[in-house]
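Engineer: Going by my numbering, the sequence shown opens with residue 29, and the numbers climb by one from there. We treat Cβ as the ideally placed atom computed from N, Cα and C, and that holds for glycine. Supplied in structure tokens, the structure appears directly below.
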Amino acid sequence: MKLSTLALSITAAVLAQQACADDFGLGALGTGNGHSGFVEDSHASVSSRTMYYSADNRSGTNNDLREAATALRFDYKSGFTQGTLGVGFDVMAFGALRLDGGDGHAAGPGLAGNGNSFFPTRNNGTEPADSFGRAAGNVKFRISQTELHVGGGLAPVLPILVANDSRVAPQTFDGGVLTSNDIPNVTFTGGELNRVEGRASSNSTGLSVAGGQRDSDSFKFGGVDYKPFGSSDNSLAKNLTLQYYYAQLQDFYKQNYVGLVHVLPLGNDQSFKTDLRYFDSTSDGKNGSSGYAFNNNGGYAKHAGEVDNKTYSAAFTYQLGGSSLMLGHIGVGDDGGFVWVNQGSLADPHAQGAGGSDFYLFTDAVVGQFSRAGEQVNFGQYAYDFKAYVPGLKASVAYLDGKDIKSNVAGGPDQKENEADFRLDYVVQAGPLKGFGTTLRTGTYHGKNTGTADQDQTRLIFNYTYAIF
Numbered sequence: 029m030k031l032s033t034l035a036l037s038i039t040a041a042v043l044a045q046q047a048c049a050d051d052f053g054l055g056a057l058g059t060g061n062g063h064s065g066f067v068e069d070s071h072a073s074v075s076s077r078t079m080y081y082s083a084d085n086r087s088g089t090n091n092d093l094r095e096a097a098t099a100l101r102f103d104y105k106s107g108f109t110q111g112t113l114g115v116g117f118d119v120m121a122f123g124a125l126r127l128d129g130g131d132g133h134a135a136g137p138g139l140a141g142n143g144n145s146f147f148p149t150r151n152n153g154t155e156p157a158d159s160f161g162r163a164a165g166n167v168k169f170r171i172s173q174t175e176l177h178v179g180g181g182l183a184p185v186l187p188i189l190v191a192n193d194s195r196v197a198p199q200t201f202d203g204g205v206l207t208s209n210d211i212p213n214v215t216f217t218g219g220e221l222n223r224v225e226g227r228a229s230s231n232s233t234g235l236s237v238a239g240g241q242r243d244s245d246s247f248k249f250g251g252v253d254y255k256p257f258g259s260s261d262n263s264l265a266k267n268l269t270l271q272y273y274y275a276q277l278q279d280f281y282k283q284n285y286v287g288l289v290h291v292l293p294l295g296n297d298q299s300f301k302t303d304l305r306y307f308d309s310t311s312d313g314k315n316g317s318s319g320y321a322f323n324n325n326g327g328y329a330k331h332a333g334e335v336d337n338k339t340y341s342a343a344f345t346y347q348l349g350g351s352s353l354m355l356g357h358i359g360v361g362d363d364g365g366f367v368w369v370n371q372g373s374l375a376d377p378h379a380q381g382a383g384g385s386d387f388y389l390f391t392d393a394v395v396g397q398f399s400r401a402g403e404q405v406n407f408g409q410y411a412y413d414f415k416a417y418v419p420g421l422k423a424s425v426a427y428l429d430g431k432d433i434k435s436n437v438a439g440g441p442d443q444k445e446n447e448a449d450f451r452l453d454y455v456v457q458a459g460p461l462k463g464f465g466t467t468l469r470t471g472t473y474h475g476k477n478t479g480t481a482d483q484d485q486t487r488l489i490f491n492y493t494y495a496i497f
């Protein structure tokens with residue numbers, strides 16, 4: 029029995045039991061005491077997102093890609109019923125409409141108009157659909173400070189899995205996620221995911237990796253975030269967070285993650301942040317065999333098709349007023365590329381827009397990934413918040429430089445790549461359009477012998493959310 033089906037059965041039983049106990053009164057739904065009301069703590073909203081996407085391929089034979097689309101989304105989040113065991117549910121539904129990609133800007137045979145993962149395809153994968161939609165829901169349970177969310181609308185953001193929300197529709201997962209804060213200064217997170225809905229898909233697939241043509245129905249994970257001095261009055265120590273996570277994508281890989289985050293307040297609106305991350309990934313089950321091979325992000329692999337990687341990163345950010353400067357380095361191990369959950373290579377029988385996965389490295393840039401074997405990446409970012417002059421306006425510029433990429437051909441040429449990114453955000457602060465947001469993102473990528481086309485990419489996004497209650 030799938031986790032979502034099991035959860036629905038349990039929820040129905042619990043609600044029925046509570047209703048009988050309370051004579052179908054509002055006691056089971058909450059009476060407004062504290063924060064435990066099913067109705068009182070409910071929230072509903074309608075949001076819209078319109079996006080223009082352009083990818084100008086300055087090298088190679090790929091067509092330039094252009095796409096525009098808009099989506100309308102509804103979200104409802106209930107509170108929890110009263111009692112020792114609180115029960116609630118969340119619902120998400122959206123509909124997306126393709127506006128225009130323009131003639132001559134398709135992604136090629138079999139993926140016409142869909143190379144940027146905006147929309148599902150139709151006519152045997154030869155052209156994008158005009159519209160698509162999806163609905164999903166989760167049931168949730170709470171005992172004390174522990175919550176279990178089970179269903180098909182999960183969007184975890186964790187070191188070992190990051191849900192993608194970079195197009196008009198979100199990526200969601202099916203399964204269960206448990207989070208507990210019952211121990212002071214400690215957060216436990218764990219669960220299992222079985223299916224995933226891509227950001228440009230109305231149906232679900234199993235989970236896989238880049239290059240994998242087969243999928244898995246089991247991604248198990250668990251981890252802890254620990255603040256050893258969280259209750260201390262010592263400003264030097266209290267903002268320290270230690271992290272450990274473990275994940276297994278059955279038949280593809282196992283992954284251990286260790287992290288450290290520390291924010292040092294320096295007074296006068298100043299701080300210094302240290303962010304250290306380390307991943308150790310190894311092969312699991314059928315990985316490397318036909319259909320279960322990892323393409324190592326198009327780079328070198330000590331054992332073809334297998335996962336074998338160690339990746340570390342360090343970033344340091346100094347913030348002063350509205351300014352912040354981040355400098356860092358990432359080192360990818362020599363034996364293979366960095367791995368994460370990615371359904372981009374699945375076809376059933378043709379690509380369904382299941383790609384578009386994010387990952388927990390600073391190199392998850394606008395265009396490139398900077399994640400091949402041996403790659404050493406230096407990066408920097410300057411960001412400015414104009415809150416003192418134009419509240420709601422923010423801007424940032426970043427540069428990444430990757431070198432020492434191992435060739436996937438013995439004696440092959442050296443490989444290197446670089447990218448410059450720019451981002452501008454503005455959110456209206458008052459008036460009838462309060463909350464209306466605009467984001468402009470650009471990325472300019474250049475590679476040498478990497479197999480990735482030199483590219484200029486632009487994204488223009490308009491967001492608005494209206495809170496119903």
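1. For residue 299 and residue 476, I'd like the C-alpha separation in whole angstroms.
2. DSSP state of residue 53, grouped into three classes?
3. Could you have a look at residue 114 and say whether DSSP puts it in helix, strand or coil?
4. Do you know how far the Cα of residue 292 is from the Cα of residue 199?
5. Where does residue 326 sit, in a helix, a strand or coil, going by DSSP?
6. Taking only three categories from DSSP, how would you classify residue 58?
7. CB-CB under 6 Å to residue 420, same chain, minus the five flanking residues each way: which ones, in chain order?
8. Could you round the C-beta distance between residue 337 and residue 366 to whole angstroms and report it? I think they count as a contact, below 8 Å.
9. Ends of the beta strand (DSSP E) at residue 282?
10. In angstroms, rounded to a whole number, what distance separates the CA positions of residue 320 and residue 375?
11. Using 8 Å as the cut-off, can you tell me whether the segment 390–403 makes contact with the segment 424–439, which would need three or more C-beta pairs spanning the two stretches below that distance?
12. Answer yes if the segment 338–356 comes into contact with the segment 157–177, meaning at least three C-beta pairs across the two stretches below 8 Å, and no otherwise.
13. Taking DSSP as the reference, what is the three-state secondary structure of residue 171?
14. Only counting runs of 3 or more residues, tell me where the beta strand (DSSP E) segments fall wholly within the segment 221–246, in order along the chain.
15. Identify every run of the beta strand (DSSP E) within the segment 417–459, keeping only runs that are complete inside it and at least 3 residues long; order them along the chain.
16. Would you report the Cα separation of residue 346 and residue 296, rounded to the nearest angstrom?
17. Assuming contact is defined by CB atoms lying nearer than 7 Å, are residue 201 and residue 186 in contact in what I supplied?
18. On a Cα-Cα basis, can you pick out the residue from 394, 418, 417, 428 that is closest to residue 409?
19. Can you look up residue 387 in the DSSP assignment and give me helix, strand or coil?
20. Could you tell me the boundaries of the beta strand (DSSP E) in which residue 357 lies?
21. Could you say which of 274, 195, 335 lies nearest to residue 251 if we only look at CA atoms?
22. Would you tell me roughly how many angstroms separate the C-alpha atoms of residue 487 and residue 93, rounded to the nearest one?
23. Is residue 488 helix, strand or coil by DSSP?
24. Rounded to whole angstroms, how far is the Cβ of residue 386 from the Cβ of residue 84, which I believe are closer than 8 Å?
25. Please list the terminal residues of the continuous beta strand (DSSP E) segment that includes residue 394.
26. Counting along the chain, where does the beta strand (DSSP E) carrying residue 74 start and finish?
27. What residue from 235, 452, 368 has the CA that sits closest to residue 489's CA?
28. Mind checking which residues open and close the beta strand (DSSP E) that includes residue 273?
29. Just reading off the beta strand (DSSP E) that residue 415 is part of, what are its end residues?
30. Could you check the C-alpha separation between residue 311 and residue 364 for me, to the nearest Å?
31. Expressed to the nearest angstrom, what Euclidean distance is found between the alpha-carbon atoms of residue 464 and residue 78?
32. Three-state secondary structure (DSSP) at residue 334?
33. According to DSSP, residue 298 sits in a beta bridge with which residue or residues?
34. By the three-class DSSP mapping on this structure, what secondary structure does residue 147 have?
35. Is residue 461 helix, strand or coil when you go by DSSP?
36. In angstroms, rounded to a whole number, what distance separates the CA positions of residue 491 and residue 225?
Structural biologist: According to the structure shown:
1. Distance between the alpha carbons of residue 299 and residue 476 is about 38 Å.
2. The pLDDT assigned to residue 53 is 36, lower than 50, so where the model puts this residue is not dependable; a value taken from the coordinates is nonetheless given after this. Looking at residue 53 - three-state DSSP - the assignment turns out to be coil, as it is neither helix nor strand.
3. Three-state result, residue 114: strand.
4. About 34 Å.
5. Here DSSP, grouped into helix, strand and coil, assigns residue 326 to helix.
6. Confidence at residue 58 is low in this model, with a pLDDT of 41, below 50, so the placement of that residue should be treated as unreliable; the coordinate-derived value is given next. In the three-state DSSP reduction, residue 58 falls in the coil class, being neither helix nor strand.
7. Closer than 6 Å at Cβ, skipping near neighbours: 454, 455, 457.
8. That belief holds up - the Cβ atoms of residue 337 and residue 366 are roughly 6 Å apart, short of 8 Å.
9. Taken as a continuous stretch (DSSP letters only), the beta strand (DSSP E) holding residue 282 covers 281–293.
10. Going from the Cα of residue 320 to the Cα of residue 375 covers about 13 Å.
11. Result yes; three or more Cβ-Cβ pairs closer than 8 Å.
12. Flag = no, the segment 157–177 and the segment 338–356 do not touch.
13. Correct three-state label for residue 171: strand.
14. Correct list: empty.
15. Runs of the beta strand (DSSP E) lying entirely within the segment 417–459 and spanning at least 3 residues, in chain order: 421–433, 443–455.
16. Going by the C-alpha atoms only, they are around 13 Å apart.
17. One thing to note: residue 201 has its Cβ no nearer than 7 Å to the Cβ of residue 186.
18. Across the set 394, 418, 417, 428, the C-alpha of 428 shows the shortest separation from the C-alpha of residue 409.
19. In the structure shown, residue 387 sits in coil (DSSP, three-state: anything other than H, G, I, E or B).
20. Residue 357 -> beta strand (DSSP E) spans 351–360.
21. Of 274, 195, 335, the smallest CA-CA separation from residue 251 is found for 274.
22. Between the C-alpha atoms of residue 487 and residue 93 there is a straight-line separation of about 12 Å.
23. Residue state, collapsed to three classes: strand.
24. Residue 386 to residue 84, Cβ: 23 Å. No contact.
25. Taken as a continuous stretch (DSSP letters only), residue 394 belongs to no beta strand (DSSP E), as it is neither H nor E.
26. First-last of the beta strand (DSSP E) with residue 74: 71–85.
27. Residue 452 is the option with its Cα nearest to residue 489.
28. First-last of the beta strand (DSSP E) with residue 273: 268–277.
29. Counting along the chain, residue 415 falls outside any beta strand (DSSP E), and DSSP gives it neither H nor E.
30. Just so you know, the alpha carbons of residue 311 and residue 364 end up roughly 11 Å apart.
31. Taken atom to atom, the span from the alpha-carbon of residue 464 to that of residue 78 is near 12 Å.
32. Here residue 334 carries a coil assignment [DSSP, helix/strand/coil].
33. Per DSSP, the beta bridge partners of residue 298 are 348.
34. Reduced to three states, the DSSP call for residue 147 is coil.
35. Under the three-state reduction of DSSP output, residue 461 falls in the coil class, being neither helix nor strand.
36. So the two alpha carbons sit approximately 22 Å from each other.
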